[in-house]
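Working notes, beginning with the structure itself.
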Amino acid sequence: MGRPGDHMTIAISPEDVLVVVDVQYDFLPGGSLAVAGGDEIVPLINQLATRFSHVILTQDWHPADHISFASQHPGKAPFETTELHYGTQVLWPDHCVWQTRGAEISHDLKIPHAQLIIRKGHNRSIDSYSGFQEADRETLTGLAGYLGERDVGRLYIVGLATDFCVAWTALDAAAGGFDVTVIEDATRAIDSNGSLARAWTDMEEAGVERVISREILG
Ligand SMILES: [Zn+2]
Numbered sequence: 001m002g003r004p005g006d007h008m009t010i011a012i013s014p015e016d017v018l019v020v021v022d023v024q025y026d027f028l029p030g031g032s033l034a035v036a037g038g039d040e041i042v043p044l045i046n047q048l049a050t051r052f053s054h055v056i057l058t059q060d061w062h063p064a065d066h067i068s069f070a071s072q073h074p075g076k077a078p079f080e081t082t083e084l085h086y087g088t089q090v091l092w093p094d095h096c097v098w099q100t101r102g103a104e105i106s107h108d109l110k111i112p113h114a115q116l117i118i119r120k121g122h123n124r125s126i127d128s129y130s131g132f133q134e135a136d137r138e139t140l141t142g143l144a145g146y147l148g149e150r151d152v153g154r155l156y157i158v159g160l161a162t163d164f165c166v167a168w169t170a171l172d173a174a175a176g177g178f179d180v181t182v183i184e185d186a187t188r189a190i191d192s193n194g195s196l197a198r199a200w201t202d203m204e205e206a207g208v209e210r211v212i213s214r215e216i217l218g
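Counting from 1, one number per residue, gives the positions in the sequence shown under full-length UniProt numbering.
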């Protein structure tokens, strides 16, 4: 596979799928959980999407009293952690509350041929970073079943944020037997307490490929 510095172009097949993670207003500058530079990747994702005949979007989608919100845990502040029934949970500012503008997928994302939107985090008592399964590691979103039924090729993952929803989606995809590539410059990270370095280590150990967009776009 290509690596930064060489000039081999990766051929995208009609079976390959672009998975665009959580490009929503609350994760973009001005949003309640803004990822620095999140807006910078939108034109690049639009450009990449023209190379794929199969595109899937994910959408963080929470009730107003979602358990991942620090506001639901008296005495806790955003970015602190707490122990929930399924393990350690990072607590976030309220974000992506369903039917609010913050939860909307950016209107600057121009991918009319996207075929599926997976909404995740709709269960009040379970967070869901991954597009495949919720944070209890049991409740499935159905995405693996969809992809299996469509007999897809490699999954290319872009979006927000690299170290949470992108990484968890990539790790679950790899664990599910899919070939997975993350297009690094079409993601941006939160990078809280070393989370970005840890995410890349985990992804590399899981066999997730790491490329930059130029290797695809030429
Ligand atoms: Zn969320």
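Built from N, CA and C at the ideal position, the CB exists for glycine as well.
Should E205 go down as buried or exposed, given a rule of 16 or more other Cβ atoms within 10 Å for buried? exposed
Can you say whether M203 is buried or exposed, counting buried as having 16 or more other CB atoms within 10 angstroms of its CB? buried
Closest Cα partner of D127 within the set S68, A167 and E138: S68
Taking Cβ to Cβ, would you say V182 is nearer than 9 Å to V211? yes
Using 8 Å as the cut-off, classify the Cβ of D60 as near or not near the heavy atoms of ligand 1, replying yes or no. yes
Assuming T162 and R188 make a contact with CB atoms under 8 Å, what is their CB distance in whole Å? 6 Å
State yes or no: is the C-beta of I41 within less than 9 Å of the C-beta of D185? yes
Verify whether the separation of the beta carbon atoms of L116 and I56 is less than 9 Å. yes
Span of the alpha helix (DSSP H), counted from its first residue to its last, around Q47: V42 to A49
How should residue 242 be labelled, buried or exposed, when 16 other C-beta atoms within 10 angstroms of its C-beta is the threshold for buried? The question about residue 242 has no answer, for the chain in this structure spans 1 to 218.
Run of the beta strand (DSSP E) containing R154, from where it starts to where it stops: No beta strand (DSSP E) contains R154, which DSSP labels as neither H nor E.
Using DSSP with H/G/I as helix, E/B as strand and the rest coil, what is W61? coil
Are there 16 or more other CB atoms within 10 angstroms of the CB of L81, so buried, or fewer, so exposed? The sequence given here places Thr at residue 81; Leu does not occur at that position. Burial call: exposed.
Just to confirm my understanding: we take Y129, look at its own chain, exclude 5 residues before and 5 after, and list those with CB closer than 7 Å. What are they? A135, F164, C165 and W168
I need the DSSP call for I117, collapsed to helix, strand or coil. strand
In DSSP terms, what V20 is bridged to: L57 and V158
Inter-residue spacing [alpha-carbon to alpha-carbon] between A34 and G145: 31 Å
Taking the alpha-carbon positions, what's the G2 to E215 distance? Annotation note: pLDDT 46 at G2 (below 50); position unreliable, coordinate value reported separately. So the alpha carbons of these two residues sit roughly 7 Å apart.
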